[in-house]
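Asker:
2 protein chains.
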Amino acid sequence: MPPAPQLPRPTDAELEILRVLWDLGPSTVRQVHDLLSRKRDVGYTTMLKLMQIMTDKGLLLRDESERSHVYRAKQKEAVTQKQLVKDLVSKAFGGSTEKLVMQALSSKKATAQEIAEIRKLLDEMEGGAQ
Amino acid sequence: MPPAPQLPRPTDAELEILRVLWDLGPSTVRQVHDLLSRKRDVGYTTMLKLMQIMTDKGLLLRDESERSHVYRAKQKEAVTQKQLVKDLVSKAFGGSTEKLVMQALSSKKATAQEIAEIRKLLDEMEGGAQ
DNA sequence: AGTCTTCTACGAAGACTTTCGTGGTTCAGA
DNA sequence: TCTGAACCACGAAAGTCTTCGTAGAAGACT
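Which chain is which? The protein sequence lines are A and B, in order.
Residue numbers for the first sequence, in our numbering: 1 to 130.
Residue numbers for the second sequence, in our numbering: 1001 to 1130.
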C-alpha cells in the first residue's frame, strides 16, 4: 500500500473533537456535541461543520450508512500525539526531544509511581535498543 | 508587582522568530531576516510586519533608540517552552504530562548520556520533592 | 544638492479557523 | 396525513495568520 500521506496537524478545536472520539469511539455529531457542550457553549451546527471539514481533511472517517452519520478518528491517539510532539520539538525545542522531556518533567510534580514508570521505560530503552 | 499577564501562545511563524532571538539575543529585523531567509524564502517586510505584530501582542520588546529598531524576546526561552508544553498536554494528552513524556521518549532513540541526564532529573525530583 | 540604499509604517490580499443561520430532508408521533 | 423534531448540506461572516507591495523618512555617498 502507498505510504500513508501525512495528515495536517489538527487545530485546537479539532483536537477537542478528536479527544472525544478517541475516548468514546465512533460517535455521531449529536454525541460529540452533547459531551462538549457541557464544557463549552458551542452550537450543534458548529460541531457538524467542523467534523465535516475534518472528514474532508482526512482526519476523520465517516460511516453514512445510517441517517445519523457515525464519525471516527482516522489515526490512533498515539499516532497523532507522536506527530504533535515531533512538531513541537522541531518548532520550539530546536529538534531536541530531551529538552522537551526535561522541561516537561521539571515543570510538574510527578508522583513516585509515575517516576517509576518513566524509569522503567528508560531501562527498556537502554537495554533493548541499538 | 502585578502578576505577569499571560502572553498569547506564539504561532508557528512567531516561534520561528523567537528561536532566532533566543539564540542571537537582541537583534534587528535585518539580522533576523538574514538568518531566516537562508532556510526559507521570505520577504523582509514580512519579517518586519510579524515582529511589529509580536511587539503589539507583547511577545517582543523593542528598543527604538536607534534607527534600526532592536527587538528582543519578552519571555525567556524556558518560560515559553513551559507554556507550550502545558498547552499541548492539556489539549492533546488530557492533562497527563507523563503520557507526553512517555510518548516523547518512546518515539526517540535517546543516547545513553541523555538517558542518564533524565535519570538524574528523576532522582532529584524524588529526593527533593514534597 | 541629488541619488541610492535602508529602514519603518501602513494597508490589504489570500488563506485558514471558528462560528452559526437557513433550508431541505427524513423520521416519529399525534 | 400533518406537525414537530432531528439531521445534513451549504454559505457566509468574523476573526486570525501570513504574506508582501507601496510610500515616506532617514542616512550614506558622490
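Built from N, CA and C at the ideal position, the CB exists for glycine as well.
Taking the alpha carbon of A:S68 as the point to measure from, which residue in A:K82, A:S27 and A:D23 has its own alpha carbon closest?
Answerer: Here residue 68 of chain A refers to the residue found at position 68 when the first sequence is read from its first residue. Comparing Cα-Cα distances from A:S68 to each of A:K82, A:S27 and A:D23, the minimum goes to A:S27.
Asker: Bridge partners of B:S1027, per DSSP?
Answerer: For this step, residue 1027 of chain B is matched to residue 27 along the second sequence. According to DSSP, B:S1027 bridges with B:Y1071.
Asker: Touching or not, the segment 1075-1084 of chain B and the segment 1036-1044 of chain B, by the rule of three or more beta carbon pairs under 8 Å?
Answerer: no
Asker: Please state the DSSP three-state secondary structure of A:W9.
Answerer: Sequence index remark: in the first sequence, residue 9 of chain A carries index 9 (1-based). The question names Trp, but residue 9 of chain A in the sequence shown is Arg. Coil at A:R9, not helix or strand.
Asker: Please go through the same chain and pick out, in chain order, the residues whose beta-carbon is closer than 7 Å to the beta-carbon of A:E14, but skip the five residues on each side of it.
Answerer: For the purposes of this step, residue 14 of chain A is taken as the residue at position 14 of the first sequence. Excluding positions up to five away in sequence, the list reads L50, M54 and L59.
Asker: Is DSSP giving B:L1061 helix, strand or coil here?
Answerer: Counted from its first residue, the second sequence places residue 1061 of chain B at position 61. Strand, per DSSP.
Asker: Quick one: does B:D1056 have its CB under 8 Å from some CB of chain A?
Answerer: As a first step, residue 1056 of chain B is located in the second sequence; it is residue number 56 there, counting from the start. So no, B:D1056 is outside the interface.
Asker: Can you look up B:V1042 in the DSSP assignment and give me helix, strand or coil?
Answerer: Stepping through the second sequence from its first residue, residue 1042 of chain B is reached at position 42. Reduced to three states, the DSSP call for B:V1042 is coil.
Asker: Can you look up A:A4 in the DSSP assignment and give me helix, strand or coil?
Answerer: For the purposes of this step, residue 4 of chain A is identified with residue 4 of the first sequence, where counting begins at 1. DSSP places A:A4 in coil when its eight states are reduced to three.
Asker: With a cut-off of 8 Å, does the C-beta of A:A92 fall near any C-beta of chain B?
Answerer: Mapped onto the first sequence, residue 92 of chain A falls at position 92. Chain B contact via Cβ: present.
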